[in-house]
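Note sheet for the following structure.
Chains as they are written, first to last, in the working numbering: chain A, 417 to 496; chain B, 123 to 280.
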């Protein structure tokens, strides 16, 4: 099991009711981890249009996760 | 010279323009994105921007560097607001200076388009009917299938 620090932003923070949470997971990728989070948080639905960062670097949904990583889930962005 | 920044205060347009000054440049294009009073048929009363600053600044700098490489320009700067904004306030300003106007127009367009799509910035619209919604996120969380109550709106202001 990996220990991952998950951070939520904007609509995701509202949906999960938290800005950050520690997670123990066997998820191999951010996509898998998001799937687990959907089961944990009723408000969360899909990650369509969302972006993910690992340790403050933009990442791919299929990037490998490592023990101690910080995973940032960004809902669809809307700057400008 | 280039620079991307996030601001919690009104954007200083004079300072931004001064940062573009260059005797080798004969053209200056500045784009201002303003807070509009309507979106998709709803009457908007104000906005709030949430920014994840560490990544937004780094990605913003990357976009400006890309513009410097792709177009024949001398200087490029951009500022994006965070926090609460009133109608008509500039939410984002992009400025480009170049020797000739064509490159400045094209680079300015490139920068604002990339800023809108790539930066970790989220816009919450507050409507005149008392509801509020994260833009582009109607389907990413179930709680947005219903309008939030007034006390929730207050609690959600970043």
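Think of the CB as a built atom: it goes at the ideal place given N, C-alpha and C, for glycine as much as any other residue.
Cut-off 6 angstroms between Cβ atoms - residues of its own chain near residue i, not counting five sequence neighbours on either side
i	result
residue 214 of chain B	155, 202
residue 236 of chain B	185
residue 159 of chain B	166, 209
residue 125 of chain B	199
residue 234 of chain B	153, 216
residue 129 of chain B	201, 203
Coarse secondary structure for residue i, derived from DSSP in three states
i	result
residue 199 of chain B	strand
residue 187 of chain B	helix
residue 275 of chain B	Caution applies to residue 275 of chain B, whose pLDDT of 43 falls short of 50 and renders its modelled position unreliable; the model cannot decide the point.
residue 259 of chain B	coil
residue 438 of chain A	strand
residue 158 of chain B	coil
residue 454 of chain A	helix
residue 470 of chain A	strand
residue 227 of chain B	helix
residue 221 of chain B	coil
residue 233 of chain B	helix
residue 177 of chain B	helix
Chain-order list of residues whose beta-carbon lies under 8 angstroms from that of residue i (same chain, five-residue window excluded)
i	result
residue 443 of chain A	418, 420, 449, 451, 452, 481
residue 429 of chain A	435
residue 257 of chain B	161, 244, 245, 246, 247
Own chain partners of residue i with C-beta closer than 7 angstroms, once the 5 adjacent residues on each side are dropped
i	result
residue 226 of chain B	149, 150, 151, 195, 218, 219, 220
residue 135 of chain B	215
residue 471 of chain A	485, 486
residue 441 of chain A	417, 418, 420, 449, 452
Check whether residue i and residue j have beta carbons under 7 angstroms apart
i	j	result
residue 426 of chain A	residue 491 of chain A	yes
residue 446 of chain A	residue 424 of chain A	no
residue 206 of chain B	residue 170 of chain B	yes
residue 249 of chain B	residue 191 of chain B	no
residue 422 of chain A	residue 437 of chain A	yes
residue 241 of chain B	residue 181 of chain B	yes
Cβ-based contacts, 8 angstroms cut-off: residues of the segment 145-168 of chain B near chain A: 155
Report yes or no: do three or more beta-carbon pairs, one from the segment 456-472 of chain A and one from the segment 145-154 of chain B, lie closer than 8 angstroms? no
Return the residues of the segment 209-226 of chain B that lie within a Cβ-Cβ distance of less than 9 angstroms from chain A, sorted by chain order. 213, 214
Chain A contacts made by the segment 237-258 of chain B, where a contact means CB separation under 8 angstroms: 237, 238, 239, 240, 241, 242, 243, 244, 245, 246, 256, 257, 258
Relative to chain B, which residues along the segment 463-492 of chain A have a C-beta separation below 9 angstroms, given in chain order? 463, 464, 465, 466, 467, 469, 472, 473, 474, 488, 490, 491, 492
If you measure beta-carbon to beta-carbon, which residues of the segment 433-444 of chain A are closer than 9 angstroms to chain B? none
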